[in-house]
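Chemist: My numbering puts the first residue of the sequence shown at 101, with every later residue one more than the last. C-beta atoms are modelled at their ideal positions from N, C-alpha and C, and glycine is treated no differently.
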Amino acid sequence: MNAFQNVQVILTKSVAVSLILLFTYASLRSVYNVFFHPLRRVPGPFLAKISRLWLFYHDYHGNPHNHIRELHRKLGTGKESISQFCLSCLRICLSMLFTRTPSGPLVRISPNEVSVDDVDANNTIYAQNNPWVKPAYHYKAFQSSTAYSIFTELDPQTHAAHSRLLAPAFSQTRVSATDAQRLLWDKCEAMMEGMDNKLGAEKHEGGASNTLTMSLGRCFRSFALDVVTTWTFGHCAESLPTFHSDLFEILDVAAESVIYFQHIPFLRALIPYIAPLVPSLVPNKILGQYAKKALEANRAALKGLREVVPCVFSNLVSSQWQEKRGYSPSDGQIISDGIVILAAGADTTAAALSIGIHWLARQPDLWKQLQDELRPVMNGFEKPPRIEALAALPLLNAVLKEGLRVSCPIRGHMPRVVPPEGWNYKGIHFPPGTVIATSAFYGCYNETVFPNPECYDPTRWLPPKHSSKMEAHLQPFSRGTRQCIGQNLTLAMQRVVIASIVYNFQPVAVDNTTIRTREFVTLLVDSPLEVTLVTTNRLDQH
101 MNAFQNVQVI LTKSVAVSLI LLFTYASLRS VYNVFFHPLR RVPGPFLAKI SRLWLFYHDY
161 HGNPHNHIRE LHRKLGTGKE SISQFCLSCL RICLSMLFTR TPSGPLVRIS PNEVSVDDVD
221 ANNTIYAQNN PWVKPAYHYK AFQSSTAYSI FTELDPQTHA AHSRLLAPAF SQTRVSATDA
281 QRLLWDKCEA MMEGMDNKLG AEKHEGGASN TLTMSLGRCF RSFALDVVTT WTFGHCAESL
341 PTFHSDLFEI LDVAAESVIY FQHIPFLRAL IPYIAPLVPS LVPNKILGQY AKKALEANRA
401 ALKGLREVVP CVFSNLVSSQ WQEKRGYSPS DGQIISDGIV ILAAGADTTA AALSIGIHWL
461 ARQPDLWKQL QDELRPVMNG FEKPPRIEAL AALPLLNAVL KEGLRVSCPI RGHMPRVVPP
521 EGWNYKGIHF PPGTVIATSA FYGCYNETVF PNPECYDPTR WLPPKHSSKM EAHLQPFSRG
581 TRQCIGQNLT LAMQRVVIAS IVYNFQPVAV DNTTIRTREF VTLLVDSPLE VTLVTTNRLD
641 QH
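#1: Strictly by DSSP, which residues pair up with residue 561?
#2: I need the DSSP call for residue 207, collapsed to helix, strand or coil.
#3: Under DSSP, the beta strand (DSSP E) around residue 620 begins and ends at which residues?
#4: Do residue 328 and residue 445 come within 8 Å of each other at the CB atom, strictly closer than that value?
#5: Do the region 506 to 525 and the region 533 to 546 meet, that is, are 3 or more Cβ pairs less than 8 Å apart?
#6: Going by Cα to Cα distance, which pick from 391, 247 and 275 is closest to residue 590?
#7: Cβ of residue 604 within 8 Å of Cβ of residue 635?
#8: Could you name the residues that DSSP lists as bridge partners for residue 510?
#9: Kindly provide the ranges of any alpha helix (DSSP H) runs that are 4 or more residues long and lie completely inside the region 276 to 339, ordered along the chain.
#10: Taking the C-alpha atoms as reference points, what is the distance between residue 323 and residue 335?
#11: Out of 233, 135 and 237, which has the shortest C-alpha to C-alpha gap to residue 359?
#12: Give me, in chain order, the residues of the same chain whose beta-carbon lies closer than 7 Å to that of residue 208; leave out the 5 immediate sequence neighbours on both sides.
#13: Give the straight-line distance between the Cα atoms of residue 637 and residue 456, rounded to the nearest whole angstrom.
#14: Over what stretch of residues does the alpha helix (DSSP H) that includes residue 156 continue unbroken?
#15: If you draw a straight line from the C-alpha of residue 281 to the C-alpha of residue 592, how long is it?
#16: Near residue 406, which residues of its chain fall below 8 Å by C-beta distance, leaving aside the five closest residues on each side in sequence?
#17: Helix, strand or coil: which one does DSSP assign to residue 270?
#18: In whole angstroms, what is the alpha-carbon distance linking residue 171 and residue 205?
#19: Report yes if the C-beta distance between residue 453 and residue 597 is below 8 Å; otherwise report no.
#20: Kindly list the residues whose CB is nearer than 8 Å to the CB of residue 283, restricted to its own chain and excluding five residues on each side of it in sequence; keep chain order.
#21: Going along the chain, which residues of its own chain have a beta-carbon closer than 6 Å to the beta-carbon of residue 543, five neighbours each way excluded?
#22: Closer than 8 Å is the cut-off here; do at least three beta carbon pairs connect the region 493 to 507 with the region 459 to 475?
#23: Report yes or no: do three or more beta-carbon pairs, one from the region 150 to 164 and one from the region 610 to 622, lie closer than 8 Å?
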C-alpha cells in the first residue's frame, strides 16, 4: 500500500469517526432536550424540542405565527409528563379531528425557546422596570455592521439613552406640528395625483370617466415610503406619483434575509465578502449606503453648505441635540437607526392601510357611513383638517383599529431572556437564560376577546361592543420600553390616508381572493389588493 492509499484510508476513517461522533452527540443532545431539559414539560412539536429546524422551516416559509397560534389553541394548558409526551402526537391529531381544546399559553418552539400567549405575562416580560434583555442571536441579525440601532441595542440602559435621543422626533408634539401635518397631507395629495393620472390613462383607453382600478399595496407603500424617507432623512424617495421605487425590492429582500442570519448566525461573518460580489444578496448594505448619503447631506447642511431640512437625521447629527439629551451616537449607529426606521416604518404602515381599506371596500355600506362622518371635517387639500380633528371621529378610529388588528403588521416574535432569578409561570419554573417569545398576532386574534377574529368588523370597537380588554389585547406596537418609537407617526399617516380615500372615492368592485401575506418580523403583502373605485367628492376639487 503506497503513501497515497494510506492517506486515503486515514481520511476515510477520520471522516467516518467524525460522522459517528457527530451523530452520537446529536442523538444524546436530542434525548436530553426531550426528556431531561428544564423545558421538557412544556408542550410543543417534537422537532421543535430537539432542534431549531422546526422554527427555521416555518420562518422560511413566512407563516410561523399562524402555526404557533394553532399550537396554542390545540396543545391545551397543561404540562406534559414523560409518559404523556409519548401520546402527545396522537392526541394532537385526534384533537384536530374531533375536539377543540382550550387555548394554551405555552408552546415550546425550539429547544430553549417558549412562545407565550398571555397579555398579562407580557406585563412582566416587557416591564418598564427591570426589563428583560434581548437575545443577541435574534437581534444581531438585523445589523448590517457592528453598530447597534435603537431596535437591536441589547443593553436596557444604553437603549434608554438612545431612546431619549430619538423619541422627540416621533413624539405626539412633533407629529402635531404644522409642518409635520403639512408633510403628510402633501404626500397624500401626491398619492391622489397619481390616482388621478391613472384615472386619466384608463379614461384614454376607453374606460369609465370617473372609475379606476388600483393596487392598494403599491399605492400605500409609495405614500408610506415617501413620508418615512422625508421624515427620517430630509430627502424624499420620490415614489409618488408614479408608485415606483427601486427601494421596494431591496426592502423585500432585506425582510426575507433576516431569518437566515437569525438561524445561521455565522453567515453574518460572510457579509464583507458577499457584499462586493453580489450586493443584492446583502440588502442592508445597500440601505446603509442610502442612509450614509443622507447622513453626509444633513451634516453638510449643519455646516452651512446646504439648506437644513428638519428631520430625524438633522437632529441626530446635531451636537446641541446630543448634548441636550445626554447621548452621542456614532455615525454607524445613526446609519443603523435610519435603516431600521425605513424598513419598519414604511412597510408596516402600508400593510395596515392596504389590508384594512381592502376589507373596508368589501362593506360599501360601512364605507358610506364613514364618508358621512368625514364630510363635516374634510375641506380638500388646500385647507385639510387637523389630524387631531380626525382622531376625534369614532368610526374612523374604529376602522383604523380594526385595520391594525386584522393586518397586525408587526407579527414577529420579540424574544427576551429570562433574568438571573428565573421566572415562575403557570406552575413551571423557567431557568435563567431561557428565551421567551410572544407575538402581537396572538392578542389580535384572541377568539375570546375578539369573536370571529378572522372577520373584519370595525363596529366591534364602538359601544356597546367595545371593552378595555380589547384595548389590552391590541398591541400592534409592542409595549413597555421597547415599544415602536414611530407609532404616533404611523397612526397620523393612516388617519390621513383612510380619510382621503374614503371621502374621495366609493368602491364598486373588490378582488375577493384570499389575501396572501408573509411574516418576516414585519408583514409583506404579496397580493396586489386591487379595488375598483369611482370618484365622488374628488370631482368637486378638480
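Modeler: With the given structure in hand:
#1: According to DSSP, residue 561 bridges with nothing at all.
#2: strand
#3: 617 to 620
#4: yes
#5: Because the criterion of three Cβ pairs below 8 Å is met, the region 506 to 525 and the region 533 to 546 touch.
#6: 275
#7: yes
#8: 622
#9: 278 to 304 and 316 to 333
#10: 14 Å
#11: 237
#12: 139, 142, 143, 144, 148, 149 and 214
#13: 21 Å
#14: 153 to 160
#15: Looking at the two C-alpha atoms, the distance is approximately 8 Å.
#16: 397 and 400
#17: helix
#18: 10 Å
#19: With a cutoff of 8 Å on beta-carbon distance, residue 453 and residue 597 are scored as near each other.
#20: 327, 330 and 331
#21: 219, 573 and 575
#22: yes
#23: yes
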